[in-house]
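Working notes for the structure below.
What follows is the structure in structure tokens.
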């Protein structure tokens, strides 16, 4: 079963990368882009019986390793 | 003879390149801010190392949209000698003057240390004063210097003799243990098909005085002087 | 809103401190005002427990241009240049989030240097962790090292040296102390003060978010299991923004439009406004609604207390606004006027024009509570200082012991760490990382500067007074080994909870020791930092004073390193011969104990040795120099052979020094000679032809030559009165040393 994990900085945590990319887009004339938050994307191939079990497993590895809970939050999608 | 040292926000080897050109090589050097739109009559252009735009998004990805890059590309396309060092290499691949790209080191860590590279080709404006197979001891300082290109591109680079520097051991042998970052085919530096744009991950400008550990890198800059000659005309090979 | 006990507690303010606030204001504070007082009067910002002791440190000298009290200290280094430098801790943030904690620590100290008008040219760091067997500690170390590299490499300031130690006591409270040095033209220093009524107050740099609110109070409270709940306080560093700030500020300082500037570090806007106002004897009137904000709905309380990184506060001359704004625009930064300097001495904070806080700057910044906290010798001392050599189990063979020591992370090669730091950018680094003191040349002059940061928590635990003196002596000695005359120092004092009398005793004794040693060695303290409450669940760290010493080398071509330059040289051990095992790395690694009395330090002998080293190096009479430190003589001798291409050495000691205790046991007395950590000892190599002159110079300086030997062969050999006491192949020793730290970390590449 496939799971996708999206990791981003928590809303209150400063994202210098996203800010710099947004500034660059503005200087290139893309004024319609209001804000950019950068993150990471993971594809997991899981041995899980049900989508719920996959969701639990993906959530666990995101908690333990993929995301740094101090500054990042994550979202899991399962097919 | 004048070298332009391009300064992007976040460049941090710009002062080193300037110092080396001006005070060690004894040529003229001028900083050119990335918002400028002309190269101020420079004969040679250096894209220095550093972390342009903080390396955010991808190394070199934002710098390549800087206003100065249009005249740099035009200069290169007209045959002008351009040297990219470290981040400068990354910018040149992003802007499409050189093929391939630079991935994260296989150690997944930033690495700063002296390495050896072998000069593979002499008919470029930055190697013409070297000898065939000359081994240079110069430092690297990068987190993303792992050169990548698809096999057919690598084959074409080899066939066209565009691989200018390869990582080697002190004896000049090409062994995997001497490859510090996992670069494909040990490639440390290459040139474009026209051979006037040369880039490498190691820092020759940091190795031009024995007081700071090595003077082996000076030959790269001396080559530019030799290639241009007193009349400022580029001749290599 | 009523201020109740719980609110005070949450702000870390005592009832007595609250009474003082009522006195100063003559009324109840608003919540914003209470927040401002709480951060300014936190231990971190006010030094309320330590000030009374710090006052006793020597802070003046012929070369001192700026002592403590400004953003950093400064000393005259000749050729019309001043070196601006300081060391600072970022311990608590590095435990909570190692990468960002260490990175923002680097960013903070760099800002302190360039706000003085100096271009930063070198970084060093002093790190302490728990044992590497613990997977969590390995993660913290990896994060801290990556964070230091991530910030320093990106901004383009070389990390040229440092030290790393491992002790159980740091497992729950690692220490991250960062040193930065910058260079400025004499007479061009910029101060952090506000003056000139009507001059605009500018804000420049990153936008303000809710990050780090109560960071200053967090750094002043012990950890407990609830620490994880304080996580939103984590600050994220942006080295790219700081690089732009650095270049823009240095460009601005070339003009005379600037009156004063200060980094918004701990306690952010609060600290920078009140300190700049207080130093200039002025008032500051700002409106927080004009402060660039990253998040919506921020209150004046949050804006004043935010510790968002990479922000500066400036006072500029009236009429020069356009010029200032233009310089920052060039670097894609926006300098925003947020207020002006006034004559009434008040910090006045408005929100959309209405006043939300009004506090006299002087009392806020300078009349913080001052405590003379009670002290009492710790209970552990009596037992810990006892060491009965006769009761030690049978000791291993000396070559096996040396292998063990060289292979322990504390002694082993730190290449795995410093390889992640760009130590060469700026093309000034003369001594490569891992070669002793960090040495950078000063372009345009013949001179170079040497820097070293040193401390030893184990020594200070056993004897805080002597341990602190030894730290001063070692940092100065390392600088002298490079050939530099030590000229000034900065200190970072890492201790536990000062409200505990035994901790306060450690602190007081250590500061007294630093003062004594700095006076004797002529290295005045020009600034530094105190980090208290380094405890987890009531367990304090070893008392850890870390000293950073700066020295000047007149002729940069005469810089020395630790490595023997070749075979067939004469090797000399300068200084005393002997060493007690008390508190040594050997006793900990081999004997499994942290105990005993430290070998005594004669400051007079130390000073004579250091001056001799500088003199010999300056005349080109010595070819290498390396001091005996962790692991004693045997480790130092081995380290001189490493990185030399396998050059061996044979050293002959005439006899065991009489202070090497053994109680009749040869294994113990041999171990004391080889591994004891007596201070004031340096191994130098000299050309055979120069030996006579060197001997005469040593004699004239009153420095004994305790042993003599020769480089050559492929083994490290030591004999004592003709009897071999150590014999090991260089290659075997070097392998243990190279792998000692790296074996804990798996790299995917060689």
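Protein chains in written order, with the working numbering: chain Z, 51 to 129; chain E, 22 to 258; chain H, 2 to 751.
Ideal Cβ positions, reconstructed from N, Cα and C, are used throughout, including at glycine.
Bear in mind that the values here come from a model prediction, so they are computed numbers and not experimental data.
Kindly identify the DSSP beta-bridge partner or partners of residue 49 of chain H.
Bridge partners of residue 49 of chain H: none, in fact.
Could you tell me the alpha carbon to alpha carbon distance between residue 4 of chain H and residue 276 of chain H, rounded to whole angstroms?
Using only the alpha carbons, I get a separation of about 26 Å.
Using alpha carbons as the reference points, say which of E:144, E:94, E:191, E:175 lies closest to residue 121 of chain E.
Cα-wise, what sits closest to residue 121 of chain E is E:175.
Excluding the 5 residues flanking residue 743 of chain H on each side, which residues of the same chain have their C-beta closer than 6 Å to its C-beta?
Excluding residues within five positions, the ones whose Cβ falls inside 6 Å are 417.
Based on the DSSP output, what are the partners of residue 694 of chain H in its beta bridges?
Per DSSP, none; premise fails for residue 694 of chain H.
When Cβ atoms are compared, which residues of the region 83-103 of chain E fall closer than 7 Å to chain Z?
Correct list: 83, 86.
Go through its chain and collect everything with a Cβ distance to residue 533 of chain H's Cβ below 6 Å, but skip five positions before and after it.
Closer than 6 Å at Cβ, skipping near neighbours: 44, 496, 499.
Mind pulling the alpha helix (DSSP H) runs of 4 or more residues that sit fully within the region 476-554 of chain H?
Segments of the alpha helix (DSSP H) lying fully in the region 476-554 of chain H: 502-522.
Please report the Cβ distance between residue 673 of chain H and residue 581 of chain H, rounded to the nearest whole angstrom; I am assuming they are in contact, meaning their Cβ atoms lie under 8 Å.
At roughly 6 Å, the Cβ-Cβ gap stays under 8 Å, so residue 673 of chain H and residue 581 of chain H are in contact.
Which chain Z residues sit within Cβ distance under 9 Å of residue 75 of chain E?
Result: 66, 67, 70.
Please list the residues of the region 238-256 of chain H that have a C-beta atom closer than 9 Å to any C-beta atom in chain E, keeping them in chain order.
Taking 9 Å as the Cβ-Cβ cut-off against chain E, the residues of the region 238-256 of chain H that qualify are 239, 240, 241, 242, 244, 245, 248.
With a threshold of 8 Å, are at least 3 pairs of Cβ atoms found where one atom belongs to the region 74-90 of chain H and the other to the region 175-192 of chain H?
The region 74-90 of chain H is in contact with the region 175-192 of chain H.
To test your reading of the DSSP string, which unbroken alpha helix (DSSP H) runs of 4 or more residues are found completely within the region 83-169 of chain H?
Runs found: 92-97, 99-115, 136-156.
May I ask you to report which of helix, strand or coil DSSP gives residue 407 of chain H?
Correct three-state label for residue 407 of chain H: helix.
Between the beta-carbon of residue 165 of chain E and the beta-carbon of residue 104 of chain E, is there less than 7 Å?
It is not a contact, given that the beta carbons lie outside the stated cut-off.
Give me the residue from H:429, H:735, H:75, H:656 with the minimum Cα distance to residue 445 of chain H.
The residue with the shortest Cα to Cα distance from residue 445 of chain H is H:429.
Evaluate residue 76 of chain Z with the Cβ neighbour count: other Cβ atoms within 10 Å of its Cβ, from every protein chain shown; 16 or more gives buried, anything less gives exposed.
Exposed, by the Cβ-count rule.
Can you pull the chain Z neighbours of residue 309 of chain H, defined as C-beta to C-beta under 7 Å?
Within chain Z, the residues near residue 309 of chain H are 64.
Chain H partners of residue 206 of chain E, CB-CB under 7 Å?
The premise fails here: residue 206 of chain E is roughly 16 Å from chain H at the closest Cβ pair, so nothing lies under 7 Å.
Please list, in chain order, the chain H residues whose beta carbon lies closer than 9 Å to that of residue 113 of chain Z.
None at all; the shortest Cβ gap to chain H is about 13 Å.
Cutting at 7 Å between CB atoms, please list the residues of its own chain near residue 400 of chain H, excluding the five before and the five after it.
Excluding positions up to five away in sequence, the list reads 727, 728, 729.
Counting pairs of Cβ atoms below 8 Å between the region 71-89 of chain Z and the region 234-249 of chain H, do you hit three or more?
Counting Cβ pairs under 8 Å, fewer than three are found: no touch.
Determine which residues share a DSSP beta bridge with residue 52 of chain Z and list them.
Per DSSP, Z:95.
Let me know the secondary structure DSSP gives residue 39 of chain E once reduced to three states.
Helix, per DSSP.
Could you tell me the alpha carbon to alpha carbon distance between residue 242 of chain E and residue 71 of chain E, rounded to whole angstroms?
Answer to the nearest angstrom: the Cα atoms are 19 Å apart.
Would you identify the three-state DSSP class for residue 11 of chain H, choosing helix, strand or coil?
Three-state result, residue 11 of chain H: helix.
If you drop the 5 nearest sequence neighbours on each side, which residues of the same chain put their C-beta closer than 8 Å to that of residue 292 of chain H?
For residue 292 of chain H, where only same-chain residues beyond five positions count, the Cβ hits under 8 Å are 204, 209, 270, 304, 337, 339.
If we count Cβ pairs, one from each stretch, closer than 8 Å, do we get three or more for the region 123-142 of chain E versus the region 198-211 of chain E?
The answer is yes - the region 198-211 of chain E touches the region 123-142 of chain E, with three or more Cβ pairs under 8 Å.
Please confirm if the region 117-124 of chain Z is in contact with the region 31-51 of chain E, defined as three or more CB-CB distances below 8 Å between the two stretches.
Judged by Cβ distances under 8 Å, the region 117-124 of chain Z makes no contact with the region 31-51 of chain E, as fewer than three pairs qualify.
So does residue 213 of chain E have its beta carbon nearer than 6 Å to some heavy atom of the ligand HEM?
In terms of ligand content, the structure shown is empty, and the ligand HEM therefore cannot be addressed.
Report the three-state DSSP secondary structure of residue 686 of chain H (helix, strand or coil).
DSSP places residue 686 of chain H in strand when its eight states are reduced to three.
Find the nearest neighbour of residue 535 of chain H within the set H:243, H:517, H:402, H:508, judged by alpha-carbon distance.
Comparing Cα positions, the closest option is H:508.
Please go through the same chain and pick out, in chain order, the residues whose beta-carbon is closer than 8 Å to the beta-carbon of residue 346 of chain H, but skip the five residues on each side of it.
Answer for residue 346 of chain H: 278, 282, 283, 284, 361, 362, 363, listed in chain order.
In the DSSP assignment, the alpha helix (DSSP H) including residue 34 of chain E goes from what residue to what residue?
Element bounds for residue 34 of chain E: n/a, residue is neither H nor E.
Considering only the beta carbon of each residue, do residue 1 of chain H and residue 343 of chain H sit closer than 7 Å?
Residue 1 of chain H is absent from the model: chain H starts at 2 and stops at 751.
Take residue 77 of chain H as the anchor and find which of H:490, H:640, H:586 has the nearest alpha-carbon.
Taking only the C-alpha atoms, the option nearest residue 77 of chain H is H:490.
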